[in-house]
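Asks: Can you keep this structure in mind? I'll have questions shortly.
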Amino acid sequence: MQKNVRRHFMSYCVNKEYLCMCRRSDPQEEEKVAPILQVQNLQHIYSAGTPFEHIALQDVSFSVERGEFIGVIGHTGSGKSTLMQHLNGLLKPTSGSILLDGEDIWSDKKLTRQSRFRVGLVFQYPEYQLFEETVYKDIAFGPKNMGLSKEEIDRRVREAAGFVGITDEQLEVSPFDLSGGQKRRVAIAGVIAMEPEVLILDEPTAGLDPVGREGILANIESYRKAKNATIMMVSHSMSDVARLAQRLLVMSDAHLAMDGTPQEVFARAQELLDMGLDIPEITRVFLKLQQLGLPVEQVYTIEQATQQLCRLRGEVSNA
Amino acid sequence: MLKDITLGQYFPGNSPVHRLDPRTKLIMLVVYIVALFCADGWIAYGIMFAFLAMTIAVSQIPVKAIVRGMKPLVFILIFTGILNLFFTAGETVLVSFWVITITLEGLVRAIFMVVRILLLISATFLLTYTTSPIALTDGLESLLGPLKKLRLPVHELSMMMCIALRFIPTLIEETDKIMSAQKARGADFESGNLMQRVKALVPILVPLFISAFRRADELATAMECRCYQGGDGRTKMKLLRYKLRDFKAFGIGVALLAAVFTLKSFGL
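Going down the list, the sequences are from chains G and E.
According to my numbering, the first sequence holds residues 4 to 322 in order.
According to my numbering, the second sequence holds residues 3 to 270 in order.
Written out as structure tokens, the structure reads:
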């Protein structure tokens, strides 16, 4: 009996804390509060002091606002994944700091653990981390670690499952009986269920078919809209990031090489190509058209391309 | 943390030790171990130490790497040392209080045992550091070849060993990745009592086993696709042949054994 009372009290406290967190991310107050994440002069060296020493990040600084959708691109080994693992305190910076809501996540042990819940990180091929007997239990793993009440966990699991399109019947089956795409959704739901303010995804669509890719990208976008969450997505698909992201971070050789809107970044197409990166196919086509002397502007999405072509056709038919 | 495990790691190189036939190195390791267990007395241990130090110097393996490999064994070393220190009967008592007596014989014995284990492990590390897993299993298969007559599946055993060695680093990397992923979901491996800590391992072990089985399955398919059918009629790309340097090594091995036995017979 006593135990029960205490549990209820605990869950009440947690819920209250949760409410506070919600209020802080109120869109009306958005302008007044500090950026949700600030990365300052981040440096990370693997195996420091040994012959295998390797600088993975060097002097990386940027800040992230609430509700932003940020695409992170870069060559393999450019430090993207290392950077992502710093943002939720999985890796400790060699020097520099990560501020979450203005507080250094390494200043206090509790804060570091809290940051794991507030900044959700979905690893590459997240379906390989499933382990529970049922989909429900696996999605509940994160919220359970947060110490939430049973009712709250249940609400979050069902809501997260809804975001990624997992049905109620599927919640009761073993995650290992699902298809590859569904497993991936379950794994993403496992992170979404913690209701992180920042959701980081490392190549969430790698190895999926086009339908699966679109589905997952739509799920991510709907989570962002519903919770005013910040999304950071690492991707090798330039057309995906060009379409979805409002801002792009380009990593190259352990440095943050570019930081700007897709328009600004893809305007430097040649530099991207020199870094060994790709540009959206449509940008490549239009670059070629420009070289051929057609009066078109840089584009990076299909819609822009259509506009440009329509305008061009209008000019031709008018002439 | 997990990256510190160096078991079976190979340091590529081109030193005379690297170039030795893997069979020679295996035989030399056995010779060394036999000599080590027969060695008795300061001079014999001195010779054994000098031999190993020389080989390490020739192999150009950083001493640091060998020392690092010892880390997981510290407990066993301390345990052996203490056991021998306290429980060796002897005449010259150094310290004596309550039920504990430390004798000079015990002290000497403890030092010898610890040094013996250290030398043994270093020599084994030297073998795995200078020999690629494939060469090692090839050598083992060839040395165990005669046992095929007794219907022992020598080829299969060596293939299994080869695969196991090959996958140690892969599995370590995988464990690291799964741990990070579960930590990102708030899993806590560092606090709680023993029971809680054991339970906390479930989210790591289940995915790890699943991925190990998946890998095994994929590997089996890939091997079958390349018509692998066991050892019968299988030829080797790198044939093992003893060269002059191998016979030189054997010579040194015989000299080492002879030296240790001579010292033993003189009671030194």
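In this text, a Cβ means the ideal position worked out from N, Cα and C, and glycines have one as well.
Small disclaimer: the values here were computed from a predicted structure and weren't measured.
Nearest chain G C-beta to A182(E) closer than 9 Å, yes or no?
Replies: According to the sequence shown, residue 182(E) is Ser rather than Ala. Yes, S182(E) lies at the interface with chain G (some Cβ there is under 9 Å from its Cβ).
Asks: Is it a yes or a no for the region 17–27 of chain E touching the region 122–134 of chain E, going by three-plus beta-carbon pairs under 8 Å?
Replies: Because the criterion of three Cβ pairs below 8 Å is met, the region 17–27 of chain E and the region 122–134 of chain E touch.
Asks: Mind pulling the chain E residues with CB within less than 8 Å of N148(G)?
Replies: R187, G188, A189 and D190, listed in chain order.
Asks: Classify V75(G): buried if its beta carbon has 16 or more other beta carbons within 10 angstroms, exposed otherwise.
Replies: The residue in question, V75(G), is buried, as its Cβ has 16 or more Cβ neighbours within 10 Å.
Asks: Drop a sphere of 10 angstroms on the beta-carbon of D140(E), count the other beta-carbons inside from all chains shown, and report buried for 16 or more, exposed for fewer.
Replies: That one is buried.
Asks: Which residues of chain E have a Cβ atom closer than 7 Å to the Cβ of L93(G), listed in chain order?
Replies: Within 7 Å Cβ-Cβ: S182, K185 and A186.
Asks: For M115(E), which residues from the same chain have a beta carbon less than 8 Å from its beta carbon, with the 5 sequence-adjacent residues on both sides left out?
Replies: T82, G83 and N86, listed in sequence order.
Asks: Using CA atoms only, rank isn't needed, just tell me which of L251(G), M241(G) and V201(G) is closest to K230(G).
Replies: Among L251(G), M241(G) and V201(G), the Cα nearest to that of K230(G) belongs to V201(G).
Asks: Quick check: what's the CA-CA separation for R314(G) versus A308(G)?
Replies: For R314(G) and A308(G), the distance between alpha carbons rounds to 10 Å.
Asks: Under a three-way DSSP split, which group does V67(G) fall into?
Replies: Reduced to three states, the DSSP call for V67(G) is strand.
Asks: Taking the C-alpha atoms as reference points, what is the distance between P135(E) and P213(G)?
Replies: The alpha-carbon atoms of P135(E) and P213(G) are separated by roughly 41 Å.
Asks: In whole angstroms, give me the CA-to-CA distance for A67(E) and K73(E).
Replies: Cα to Cα, the separation comes out at about 10 Å.
Asks: Tell me which same chain residues have a C-beta within less than 7 Å of the C-beta of G147(E), skipping the five on either side of it?
Replies: Answer for G147(E): V156, listed in chain order.
Asks: Spell out whether any CB of chain G is found under 9 Å from the CB atom of S17(E).
Replies: With 9 Å as the cut-off, S17(E) does not count as an interface residue toward chain G.
Asks: Does the Cβ of D62(G) have 16 or more other Cβ atoms within 10 Å, making it buried, or fewer, making it exposed?
Replies: The residue in question, D62(G), is exposed, as its Cβ has fewer than 16 Cβ neighbours within 10 Å.
Asks: So, is the C-beta of M197(G) closer than 9 Å to a C-beta in chain E?
Replies: Taking Cβ atoms only, chain E reaches closer than 9 Å to M197(G), which makes this a yes.
Asks: Could you tell me which chain G residues have their CB closer than 8 Å to the CB of P209(E), listed as they occur along the chain?
Replies: The answer, in chain order, is Y131, Q132, L133 and F134.
Asks: From L149(E) to R243(E), what distance separates their C-alpha atoms?
Replies: Approximately 20 Å between the Cα atoms of the pair.
Asks: Say whether the region 118–130 of chain G touches the region 88–99 of chain G, bearing in mind that this needs 3 or more beta-carbon pairs closer than 8 Å, one atom from each stretch.
Replies: Cβ pair count under 8 Å is three or more, so yes.
Asks: Comparing alpha-carbon positions, which option in M235(G), L94(G) and L252(G) lies nearest Y49(G)?
Replies: The residue with the shortest Cα to Cα distance from Y49(G) is L94(G).
Asks: Pick out whichever of E130(G), G317(G) and S64(G) has its Cα sitting closest to the Cα of A207(G).
Replies: Checking the displayed sequence, the identity of residue 207(G) turns out to be Pro instead of Ala. Answer by Cα proximity: E130(G).
Asks: Looking only at its own chain, which residues have a Cβ that is under 8 Å from the Cβ of L75(E), when we skip the five neighbours before and after it?
Replies: Correct list, in chain order: I119 and I123.
Asks: Exposed or buried, what is H47(G) when buried is set at 16 or more other beta-carbons lying within 10 Å of its beta-carbon?
Replies: Label assigned to H47(G): buried.
Asks: For a quick check, are the C-beta atoms of I223(G) and R187(G) less than 9 Å apart?
Replies: Going by C-beta atoms, I223(G) is not nearer than 9 Å to R187(G).
Asks: Residues of the region 187–217 of chain G with a CB closer than 8 Å to any CB of chain E: list them in chain order, please.
Replies: Those would be G193, V194 and M197, in chain order.
Asks: Can you say whether C25(G) is buried or exposed, counting buried as having 16 or more other CB atoms within 10 angstroms of its CB?
Replies: Residue confidence for C25(G) is low, a pLDDT of 42 falling below 50, so the modelled location carries little weight and cannot support an answer.
Asks: Below 8 Å, can you find three or more Cβ-Cβ pairs linking the region 46–62 of chain E to the region 249–268 of chain E?
Replies: Touching, yes.
Asks: Taking R119(G) as the query, report the chain E residues whose CB atoms sit under 8 Å from its CB, ordered along the chain.
Replies: K185, A186, R187 and G188, listed in chain order.
Asks: What is the residue span of the beta strand (DSSP E) that S240(G) lies within?
Replies: Run containing S240(G): none; DSSP gives neither H nor E here.
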